[in-house]
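First residue of the sequence shown? That's 680 in my numbering, and the numbers climb one at a time after it.
Report on the structure given below.
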Amino acid sequence: MRGCVYGENLKKKAEKLRASGKTYKEIRDLLNIPKSTLSNWFSKKFPGIFDREKQLSHLAKIRPLAADAKKREKEKKQAILIKKISKEVKNYPLKNIGLLKSILSALYWAEGAKHEGVSGLRFVNTDPKLAKFYIALLRKCYKLDEAKFKIRLHLHYYHGIREAKKFWSDLLNIPLNQFTGIFIKKRSRKKRFRKNFMGICFINYSDSNIRKELLELTNQLCLLIKR
């Protein structure tokens with residue numbers, strides 16, 4: 680077909696077909712005109728707007744692929760970060776009581792009750808990992824009387840009380856007979872709750888001296904570490 684000259688009528692017919700949304704392949708099959716010739720004729724005049732349906736179809740196909748690639752990249756970066764931090768933490772002097780007390784004091788400063796009206800230590804959180812971390816640090820840093828621990832839970836209407844108490848009891852290694860109160864919040868029509876949410880846990884330990892020591896430790900650290 681190279682070097683072939685097409686009449687104006689044929690070109691107009693091809694133009695009408697293209698304007699109606701026909702693809703180059705469809706026009707080629709109908710009029711026996713090469714796709715390269717059609718492209719030369721119409722690439723500027725019809726820059727693909729009539730292929731919108733195909734573009735949308737293509738986008739629908741590649742979006743899941745792009746999302747999957749993004750997810751894999753995120754997981755790869757997270758794996759690299761975990762490996763890096765895991766290697767770094769192994770070099771921390773975690774048997775040093777001073778370091779552990781410093782971490783504990785900062786944690787209590789952020790999540791514990793600090794006002795003068797508080798009796799003993801009162802730590803409140805919804806995150807099981809953080810609650811377990813706090814109580815592990817407390818046990819490592821101080822010689823405790825385990826009977827002084829008291830646990831209170833704030834739950835929502837959908838929680839099973841037994842299930843929630845057992846969850847926190849097993850997690851914190853505190854007997855069920857030291858759970859002193861359960862507050863059940865009424866159902867909210869607007870608020871949504873995340874899955875695996877096990878309520879708010881109040882960890883109380885009746886020793887005000889430890890609370891005062893931790894708060895003063897944070898004060899001293901703030902004075903020493905200014906920048």
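Ideal Cβ placement from N, Cα and C applies to all residues, glycine included.
Residue i - partner residues in DSSP beta bridges
i	result
L832	I861 and C880
N804	C880
Distance, residue j Cα to residue i Cα
i	j	result
I783	L816	Checking the sequence shown, residue 783 turns out to be Leu, not Ile. Approximately 6 Å between the Cα atoms of the pair.
T949	R890	Look at the range of the chain in this structure, 680 to 906, and you will see that residue 949 is not part of it.
T859	K829	6 Å
I706	L696	7 Å
L900	E892	12 Å
H794	E895	13 Å
Assigned secondary structure, residue i (DSSP; H/G/I helix, E/B strand, else coil)
i	result
N898	helix
N856	helix
G791	strand
V797	coil
P772	coil
Y837	coil
N711	coil
I904	coil
L786	helix
CB of residue i within 7 Å of CB of residue j, strictly
i	j	result
K819	L850	no
A843	L855	no
F802	I879	no
L786	Y813	yes
L710	A693	yes
S977	G791	An answer regarding residue 977 cannot be provided, because it is not within the stretch 680 to 906 covered by the chain.
Y703	K691	no
Environment of residue i [buried if 16+ CB atoms lie within 10 Å]
i	result
I728	Low per-residue confidence applies at I728: pLDDT is 46, beneath 50, and the placement is therefore not dependable, though the value from the model is reported in the following sentence. It is exposed - the Cβ of I728 has fewer than 16 other Cβ atoms within 10 Å.
G700	exposed
L689	exposed
I863	exposed
A789	exposed
N804	buried
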